[in-house]
Structure formats: C-alpha cells, structure tokens
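Residue numbers (this note's numbering): 439 to 1437.
Cβ atoms here follow ideal geometry from the backbone N, Cα and C, with glycine treated the same way.
All of these numbers come straight from a predicted model, not from anything done at the bench.
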C-alpha cells in the first residue's frame, strides 16, 4: 500500500550536515550592506531571546521539512497570526533554495532571532509577490542566507580544535553530559582575529552561535536531540506551552567510552590491515553465533570484554550507540563491514544483527534496554554488554561519610525553638513514585489542635541542608557538574538511577517508624498490644524542616493574609511518634474504609510488625481526614487563581513510566517447550490510588506556595518556577493587543469536556478553557491541552528582593519553590540552605536581644563558618545564578532520558499486546481502540487525501502520529478515535495510528 510505504520510509535520523554541505553557497554579498543591529553585550541575552521569543520578521530559522524530513534554512518573512487556524498558524519562510514555505514553529530546530531588521524585510513585500521568484530583493535575501551559512561553516572549522577541548573537559566516562551553547562559548578561547570579528555586530555574534550548532550537528561525539524525529514531541506535551514557540534543540556530550570507540572505528577504517582484521572478527563472530555451537550470553560477554574479543569491543560499542543515535558518520563507517554489505545500515537492521549475535533479547536477558546498554546512563555493574534494568548499572557509594560523622546535625540550637507534646503523632506519607518507602518516609504531616477553632498543620521534610554542609566533599561533588544534580526517576517499575545519595545514606535522612519511649500500654478489649521499636534510632535523632500553617475553621477564607499564618522551622522529632503509612492504608483512610464502625464492640488494630504497617486509630483517621479537607480547600483556592489541573488518572506526562512493570510468566506451561517469558504490563496506580495521589500532590503544591510567599516576604533568594500567559488577555501590553484582538475575533477552538451540564463550546483565551471544570474541580484533558496553547515556556528564575513571577497553570501567584524533593534534586538542597541561613540569622538576632552579648553569640555560631554556612543570612542571588545553568542542564538531561525511556518501553508493551509471541513488521493490526487528543494538526500526505497529525494517546500515555482524512475538521484538542496500529518501530520510536473510517 502506498501510504504504508510512505510511513515506513520516515527516516530514523535527520542528517543536518548533508543539507549544508550539498548547497551551492556562492554569493556576492558585502556584509556592510546587510541591515543588522549593533553588538549585544551579553550572549546569555541573545540565547534567551533565541529560545524564548516567537519567530518574527528577520529571524533566521533551521527547521525540519515534514514531507521530506530534511533540514532546511531560511529567513522569516511573516510571523504566524493564529494559534489554531491552519491557514494562519504557520510562519512564512524564504529558504536558501529560493522557495517560500509555510512552517510550523514547533518544527524549528534553531532560531536566530531577528538578525536583519524587520522594516527592511517589510519593504521587500515578498509575501505579496510570493509567486515571483526572480525579484531582485528576493534573490539578494537568498544570497544573504548563503553568506550566513558560508561564514558559519568557516567559523565551525576554526573552532573545531577548541570545541574538541570542550568535549575533553566536560565529558564523562559512561554518561552523556548536557551542555548549553552559552557554556560552550564561555569555555572557548578565541583568537584575536575571531574575537574582533565577533565584536563587529549582532550578525557576527549570530554566526558564532550557528557555527557551534553546525559543529555539534556534524559530530557523532556530540548528541543533538532534535535530530531524532520520532522522539521529538510537540511543545504542548513536552514543555507544557504553546506550539507557537520554537521547539529548539538540546545538546549533549557523548560519553568518553562511546567517543573513544567511534574514534577507534574511524582510525581502523582508514587502515587497510586493521580494517581487514576487524571485518574478519565481526564476520567470524556472527557465523559462530548462527551455528549450533554458539556462545551463551555469559560466554559471549566474557569473550568480548575479557578474552580475545576485547580488542574489538569498540565495534560492539559503536553498534549499540548507533541504534539510539544513527549518525551518518557512524553509518558510513559500519557500512564497510561485510555483514552489512547487502543490508542498509539502519537502527532496525543493527538491532536485529545484535539479536542474531545473541547479545540483545536472549534467554538470559530477555528484554534488553537499548538506552541503558549504550553507555550513556552509567557504567554496567558487572561489565555487561547488554542491560535490561536500572539495577544492572553500577551505583557509586557515598555512605562511608556516615561513619566519619560528616552528616551530624550542625544546628542543634535551632531544635529548641519549637517543641511537641509527647503524644504528638507524625504521619509519614508515601510519595507515589518513591520506591524506597522501606527505608522510611521522605515526607510527613502532623496536626496540632490549638483550640476548638484553630489548628496548626505541619509538613515535615528531611532537612538535608543542616547535615550536608557546604564545605563537605559530597556537597562540592554534587555542585561540580550537572549530571550529579538531579536523580533520574520515573523509570520502569518506579526505579531510579543516578541518585544523589546511595541507599544507606538516603535511609539516614528519611523518617523511620518510631515509637515514644513511654508508649501507652493501655488498650481496649480485643486490641493487640504492640511494642514497636525505633528503627535505627540508636545512632541518630530524627530532625526535619517543618512548614507550618495556622488554620482557622471559622475563617471564610483560611488562606487569606497567608503571610501572617505561615512559618518555617527546623525541629527535632526525637520525642514524638512517627507512623509511616503505606499507600493502600492512606487510600483506605481517605476513602473512609478505615473508619471504625459504631456497631463493633471489640476494635482490633493491625500489628505494626506486619510488613511495616502502622496502627491507625480513630484519632489518626481524624487527623489525616482533617488535613485532607484542608488540602481540598487549598485546591479550590488554586482553581480560583486560574489553575488548570486534570485528574491524576489522565496525566499528560510523557516522562513517567513508573506505572509499567515487568511480569514473569511461563509460556506453554506444562509442555515440553515450556519457557519463561517477561511481559510489560500497565498497573495504572494513579487511578487505583487517586485520593492518596491527590493528597501528596496537593501537599507539594501547598508547601511550594507557602515557601514562595515566605521567601518573597523575607526577601530570601531561591529558585522558583514560573509560567505565564503568553497572550495576557487581562493586562495586554501594546505588543500583544493586536494578537489579543485577533484571538477574540477569530482564533478560537472547540473545547470538549466531561461536564454534563455544559455543552461543548468555543474558547479564545486560557481562562475560557477553565469554564468546563467538573464537580471535583478538574478540567478535561482536551481543555488542558488547549489551555497550554496560550502559555509560555516554564522558566526557572532566582527570586530576589521579593519579586517573583507567578505559575498560572498551577494557580500559584508567587511561583513554585520546591523544598520537598531534596533527596533527588540538588536545587532543592540549595533552597533549603537559603532558608536555613535565614532562620539562623533570625536566631542570631533574637539571641543578641535576649542576652545583650554579641561576643557570646559569635562564639556559639563561629563553628558554622568552618562548615561553609553563611551566618549573616542567605547567600546573595548572584551565588544561585551562577549555578542556574547547570540546574537547567540537569533537568534537560533527565527529561530527555526519561522521555526516550518511556517511549521505548511503551512501544515494547504495545508490541507484546498486539502480537503476543510473534509479530511481522509493517503488518496492519486491528481490533484495539485508541483515543488520541490532537496536539498538532500536522501536514497533508503528498498525493493522498490524508494528513498525518500529532496526538496524545491516552491508552499508551505517549504522543503518536495519527492518520486523518483531510475531510475531517480537526484542531488542537480534538478527540480522535483510532482503530488500527498502522505502523510502529520499537527501536526508532515511530508509531502511527489510523483514525476510524479512514479508508
């Protein structure tokens, strides 16, 4: 079938170097004639402008042609006029081939914002005379594009030595490393000639940026995420913002292991004798593995890593890396081997070759993870060639510092500021994606009754900043580079990698189950007496950072004047009882199933010794229920502030694969051909534990809101996440008034929802998408997707002087400040450190007032300086700004790896679901039904009455291509029913579904 052939020919890799090297760049341009701008002092300002601004007249853009799937380069002649209307939501671009094309901003890899003056572009009136290709002004503009690329390629050659040094400086042995163009520029040493040239004007500064982009694209020692088309998502899904902004590119340094293997392969291919030896090795290995006396996986592993084959291990490493990043340079080198003489070198063919070698997907390693095996996410624990789970990756140990008392409490004097009654109970709650609850909880809550009206709600968080001092080796190790700053989580079966702390050290920070010293031995008739003991409490005392909220049940709005009702302290929990609640217990408690029936005479509680379960008595259930109701009130307040929240079971998260599990079972059970197989299944815990997930999520949101307000009032610099309306309908600026006027008049879209009392309606603003909330306050997934089309990108800022930006889709007017996930994110530790320094300063001032002895106070706090703490208050905002780029890089790395991880395993699960044990590639499989919500209207397939759009599949939890009929009226937010998997490829990440009633 013609359509199937077209779909299967979509490339796995976009070769950007082929486009620029094959272009005729001859031109007669004199640079002084180009109307550009003066030099901009800060490259950071230029780069932020390139990444965050809407494409406008005079901007140069590199984009992917969706029909040919090839790179193109051009200048913007006219910006988009709409967010939803297909006739107006694309920008007009003049390419180097002198063609005028309509391009969706979400397909743009790289933007150089407004290099030439827009008034110069406007005077040409090329949009009016787009059919006249021979206009002198148009031809001159094409020559300007050629001149720009020609200069960029020359710059790239001049910078090659310096960029190689940058790779050597920052790359890691077995991990890819995220890096930004700004970091690259700051690491380069320019010659005086280049330095003078860059300083000429903004045009030359942009040439420098483009030259770095070209170098990264052309080298297999670097990774550019946008070159992998099937792993590229829309802005709506990946970044939670409008598709009117460019998608952009992320850059990574390849690991040293892979770089050395690629360099070695390149050297061998240039030497006839060495190439013959390598070719003989691979051919013989392949023939041996196809014979009846083939090596087992373990023998093959030893053969390649230890014995004779170790000299050619670089070939295997290149094959594994090529599968996930099929760069044209590696393809050309691999094509010289005889095993690929009659087979195109594609990721699918190389993957099949490794399967035939009995290296991937063998009986001992049934489901190989192609990304874990590619030397980009850590070192194999046992020098394995193929890995299947995160547990196969080596975990570095940093818990030896416990024995040397490096993690003792440095602030015991702060623990006396707040005390708890001995009957006070703290409830450790399970974070859904936290697989380490057996080590203790990393989040806890408690309730204090002040009087019949007033209560105090406490949220307790491990206070890592009080134990991990800024002068410690571990702190500086985490501060050193971006790959150490954030754990890689949300993986298959809830596993995590690249943890900040190893298992033993993490357990040191968590809250264990803990009983008071004098536990009440009185119990009712029928009760089972329990004598729980402090888990691991002999060697340490439990401390925490406590966020407290004073709550008055008689207030009409308990969250008004919040600054007078909140406090943050550093407390000791040594004398209170800690009950760690399992996930199912919390869910039953919130559902009301744990309530005691009034008709029971004897109440029997559950022994806490059974699988770590805690005793929940009537008071416990009341306390948790009270906090739950407060959280529901906070949820309503967020909704009043414009929050757009979907139900937990309908999450739009392309990175979270923790709900997928590996299940072992037997095929052909009881027969002679019985064998063990591994299946991937989806457990959908968010739906099963919806109340407990709401409980945890809302605690995180409330703590973020309280903390951001606390820091704003006290002018504490911290990291804060913001996201604002890109088209501010309430307070439009002069620049946005035209866009708003257009939106109100024409640019609207149909919103479908779950509110039975409201018909579907058209929305032309973010706030109108919120009208359709259901009875529980949730918006539908289509409404949420449409709402994202009005938002800018999520940004990270360092708040200072009390000035913060809001986070509109979360309903937080002061931004989102995270102080909870300190076990997984170094950014959170820095936030805790800032608050700790402020609280210490308050203690200092209070102590001086009480004692009138400044010298005595200095003697008490001077030891803190030796640990690196700032006793004069929080660090200045500039100190946080210096680490901001590394933190952003770490999040880009984690997002990239989690996205490709989820896509791979989701398609693996789909493969098993469709075919059970056998599957023929490219076959059309029917029978299943899939619901997709359109996130991009896509493009028309050439010579056919069909189009391929982009949609988020709710059953799979990933974004897929959807084949629609051009006769169907679809738009962003349209719900489409699909009945066939037209094509998918687990290796390349491609997946195309067919809408019902299409041929």
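Could you pull out every residue in the same chain whose Cβ sits closer than 8 Å to the Cβ of residue 627, ignoring the five residues on either side in sequence? 600
Among 1339, 704 and 1297, the one whose alpha carbon lies nearest that of residue 828: 1339
Between residue 869 and the ligand SAH, is the CB less than 8 Å from at least one heavy atom? As for the ligand SAH, it is missing from this structure, which has no ligand bound.
Assuming residue 673 is part of the alpha helix (DSSP H), what are its boundary residues? 673-676
Inter-residue spacing [alpha-carbon to alpha-carbon] between residue 1519 and residue 1187: An answer regarding residue 1519 cannot be provided, because it is not within the stretch 439 to 1437 covered by the chain.
Among 1397, 1352 and 1350, the one whose alpha carbon lies nearest that of residue 1372: 1397
Residue burial classification, residue 745 (beta-carbon count within 10 angstroms, cutoff 16): exposed
Using CA atoms only, rank isn't needed, just tell me which of 1321, 503 and 1242 is closest to residue 1264. 1321
In terms of DSSP beta bridges, what is residue 1136 paired with? Residue 1136 pairs with nothing; no bridge assigned.
With distances taken Cα to Cα, identify the nearest neighbour of residue 1348 among 1218, 1288 and 1098. 1098
Considering only residues of the same chain and omitting the five flanking positions on each side of residue 1243, which have a CB-CB separation below 7 Å? 1160, 1162, 1235 and 1253
Taking the alpha-carbon positions, what's the residue 780 to residue 774 distance? 11 Å
Let me make sure I understand the geometry here. Which of 700, 1335 and 1212 has the alpha-carbon closest to that of residue 1074? 1212
In the DSSP assignment, find the beta strand (DSSP E) that holds residue 616 and state where it starts and stops. 615-617
Which whole-angstrom value describes the C-beta separation of residue 1133 and residue 1069, a residue pair presumed to lie in contact below a C-beta threshold of 8 Å? 6 Å
Measure the C-alpha to C-alpha separation of residue 509 and residue 1144 and round it to an integer number of angstroms. 47 Å
Which residue from 763, 1025 and 825 puts its Cα closest to that of residue 452? 763
Tell me the DSSP bridge mates of residue 935? 926
I'd like to check one pair, residue 1306 with residue 922: are the Cβ atoms closer than 9 Å? no
In chain order, which continuous runs of the beta strand (DSSP E) of length 3 or greater are located wholly inside the stretch 443-502? none
Going by CA-CA distance only, name the one from 1072, 1386 and 1027 that's closest to residue 1248. 1072
Let's see if you can read the secondary structure: which residues bound the alpha helix (DSSP H) around residue 660? Not the alpha helix (DSSP H): residue 660 falls in the beta strand (DSSP E), residues 660-662.
So is residue 709 buried or exposed if we call it buried at 16+ other beta carbons inside 10 Å? exposed
Could you name the residues of the same chain whose beta carbon sits closer than 6 Å to that of residue 1366, not counting the 5 residues immediately before and after it, in chain order? none
Strictly by DSSP, which residues pair up with residue 522? For residue 522, which the question treats as bridged, DSSP gives no partner whatsoever.
Could you tell me which residues DSSP pairs with residue 1389 in its beta bridges? 1372 and 1398
Determine the direct distance from the alpha carbon of residue 1408 to that of residue 523, and round the result to whole angstroms. 10 Å
DSSP state of residue 969 mapped onto helix, strand, coil: At residue 969, the pLDDT of 39 sits below 50, so the modelled position is not reliable and the matter cannot be decided from this model.
Cutoff 7 Å; reference residue 528; Cβ partners in own chain excluding five residues on either side: 518, 540, 541 and 542
Measure the alpha-carbon distance for residue 915 versus residue 937 and round it to whole angstroms. 13 Å
For the stretch 681-700 and the stretch 736-745, state whether three or more C-beta atom pairs, one from each stretch, are separated by less than 8 Å. no
Among the candidates 1220, 521, 471 and 479, whose CA atom is the shortest distance from the CA of residue 1441? The shown model of the chain, from 439 to 1437, leaves out residue 1441, and the question about it has no answer.
So, do the stretch 710-722 and the stretch 750-767 have three or more beta carbon pairs nearer to each other than 8 Å? yes
Residue 648 - containing alpha helix (DSSP H), residue span: 640-656
On the DSSP letters alone, give me the boundaries of the beta strand (DSSP E) that residue 1201 sits inside. 1199-1201
Under 9 Å, do residue 1148 and residue 1006 count as touching if we go by C-beta distance? yes
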